[in-house]
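>
Number of protein chains: 2
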Amino acid sequence: MQLTKKVEQAICIIVLLATQESSAPLASDEISKRLGVSPSYMKKITRKLVVQGIAVSVSGNNGGVSLAKSVDDISMLDIIEAMEGPIQMYPDTGLISLAFHDGKYAKRGQNILRNVFAQGDNLLIEYFSKVSAGDLLKEGFGVENLPTLNWNQESLSDVLPWEQGDDK
Amino acid sequence: MQLTKKVEQAICIIVLLATQESSAPLASDEISKRLGVSPSYMKKITRKLVVQGIAVSVSGNNGGVSLAKSVDDISMLDIIEAMEGPIQMYPDTGLISLAFHDGKYAKRGQNILRNVFAQGDNLLIEYFSKVSAGDLLKEGFGVENLPTLNWNQESLSDVLPWEQGDDK
DNA sequence: ACTTTATGGATATAATTTATCCATAATGGA
DNA sequence: TCCATTATGGATAAATTATATCCATAAAGT
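Protein chains in written order, with this note's numbering: chain A, 1 to 168; chain B, 1 to 168.
(1) Just checking my contact of I112/A with L3/A at CB under 8 Å: how many whole Å lie between their CB atoms?
(2) When the cut-off is 8 Å and only beta carbons count, does R47/B lie next to chain A?
(3) Closer than 7 Å by C-beta to Q9/A: which residues in its own chain qualify, once you throw out the five before and the five after it? Chain order, please.
(4) So with Cβ pairs under 8 Å, would you call T19/A a contact of chain B?
(5) Does DSSP put V15/B in a helix, a strand or coil?
(6) Under a three-way DSSP split, which group does G109/B fall into?
(7) According to the neighbour-count rule (16 or more other Cβ atoms, all chains shown, within 10 Å of its Cβ), is D78/B buried or exposed?
(8) Please tell me whether A82/B and K48/B are closer than 8 Å, where the distance is taken between their beta carbons.
(9) In or out: E126/A buried (at least 16 other Cβ within 10 Å) or exposed?
(10) Which two residues bound the contiguous beta strand (DSSP E) that contains V56/B?
(11) Do S66/A and L16/A have their C-beta atoms within less than 8 Å of each other?
(12) Looking at F117/A and M76/A, is the spacing between their C-beta atoms short of 8 Å?
(13) When burial is assigned at 16 or more other CB atoms within 10 Å of the CB, is S38/A buried or exposed?
(14) Would you identify the three-state DSSP class for L149/A, choosing helix, strand or coil?
(15) With a Cβ-Cβ cutoff of 8 Å, do D92/B and R108/B count as a contact?
(16) Let me check one thing: in DSSP terms, what residues is L170/B bridge-paired to?
(17) Using 10 angstroms around the beta-carbon of G140/A, count the other beta-carbons present and answer buried if the total reaches 16, otherwise exposed.
(18) If you draw a straight line from the alpha carbon of S28/A to that of K43/A, how long is it in whole angstroms?
(19) To which residues of the same chain is E84/A closer than 8 Å at the C-beta, ignoring the five residues directly before and after it?
(20) With burial defined as no fewer than 16 other Cβ atoms inside 10 Å of the residue's Cβ, what is the status of Q119/A: buried or exposed?
(21) Suppose only complete runs of 4+ residues qualify. What are the alpha helix (DSSP H) ranges in the segment 73–142 of chain B, listed by chain order?
(22) So V71/A packs on S132/A, CB below 8 Å; how close in whole Å?
(23) Just to confirm the assignment, what range does the alpha helix (DSSP H) spanning T4/B have?
(24) Out of I14/A, K33/A, E30/A, L137/A, state which residue places its alpha-carbon closest to the alpha-carbon of V56/A.
(25) Measure from the C-beta of T93/B to each C-beta in chain A and report whether the shortest distance is under 8 Å.
(26) Look up W162/A in the DSSP assignment and say whether it is helix, strand or coil.
(27) Rounded to whole angstroms, what is the Cα-Cα separation between K33/B and Q110/A?
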């Protein structure tokens, strides 16, 4: 019942893209350095964001990835589903049919369980669809208008001098 | 974001124990046959139920496993947590600290995310804690008082002749 | 004592996640 | 047009986790 690491990686990518100067796409190779994975792997991840419709990409010189829409229109659900596909908790390997020889009660039981877990899915879907990346970012930065910079060249503390990290 | 197969296996075990004649513990070896896994593996699973307080076990001749309490007091949450431990969706590998060099905003972001996912956890915890095995079983069998039999020897259709499986 | 059953440690197997490499396509600039 | 840069997609490797088994031992009843 754990989300994969990909979700955490995707969240970091969203933060980078959300604070990226709107004009310039961010090269996935830059993101890969920052998250400590190979460029090729990072491209797999960003690709998922593109397929989901969260990001857009352009090839070539000065190409890269940028957000396809406002952070206010990107939900946690979008991000999770981009990485993991639809939320479905129940494994449903058909064990009940095996154990109870596919009788009447086996089928009823299976349906009941599917329903119980689908309701669990729906709780998460409803909740995460209402949590927007925009809200979290604004909360995190403590401002209404997110700072922007060019992550292809700079780092956050260039723009936010009160940042207390080891960023240079 | 999927529950493991163990949860499905545990559910089947609960069904067996819930319909087991109260006097006789059910041998885990019998359960293992029914669920198509090795006796030793099944003992690992039943052990988790015992540790969680859902079941009790006795060694020796005519020993086995039985429910520690009424099915009405066993929740889906109990079963899930018996198999998987506490519900915690967020992987939290510390990637944000790595990506943003552990600055002020990294820490804030991490806390915000932990909180967001913890709320998701809580939705599931609340929901599944209110779904009782008893309710599901009664719904499944369509009766208020569950049929009982000795799974050490018999099968369900001995007791429920309208069962439509290939059980003998 | 003997049989039956659970417990616990070590280990094997399978599946999934995480990640990389490489060949190719797209894009823009010199 | 050629070159450098960047994304795409297929194949595959490495790491982790889930699933499962074996075996030695302990507990309990007959």
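Beta carbons: idealized from backbone N, C-alpha and C, even for Gly. For clarity, every value in this text was computed on a predicted model and none was experimentally measured.
So, to answer that:
(1) Contact doesn't hold; Cβ gap of about 27 Å is too wide.
(2) no
(3) L35, I45
(4) At a cut-off of 8 Å between beta carbons, T19/A makes no contact with chain B.
(5) helix
(6) helix
(7) buried
(8) yes
(9) exposed
(10) 55–58
(11) L16/A sits away from S66/A, with the two beta carbons spaced by 8 Å or more.
(12) Contact: no.
(13) exposed
(14) strand
(15) no
(16) Because residue 170/B is not part of the residues shown, which for chain B are 1 to 168, the question remains open.
(17) buried
(18) 6 Å
(19) L3, T4, K6, V7
(20) exposed
(21) 76–84, 95–99, 104–130, 133–141
(22) 7 Å
(23) That residue, T4/B, is in no alpha helix (DSSP H); it is neither H nor E in DSSP.
(24) I14/A
(25) yes
(26) Low local confidence applies: a pLDDT of 40 at W162/A is under 50, so the model's placement there is unreliable, with the coordinate-based value given in what follows. The answer is coil: DSSP assigns W162/A none of H, G, I, E or B.
(27) 20 Å
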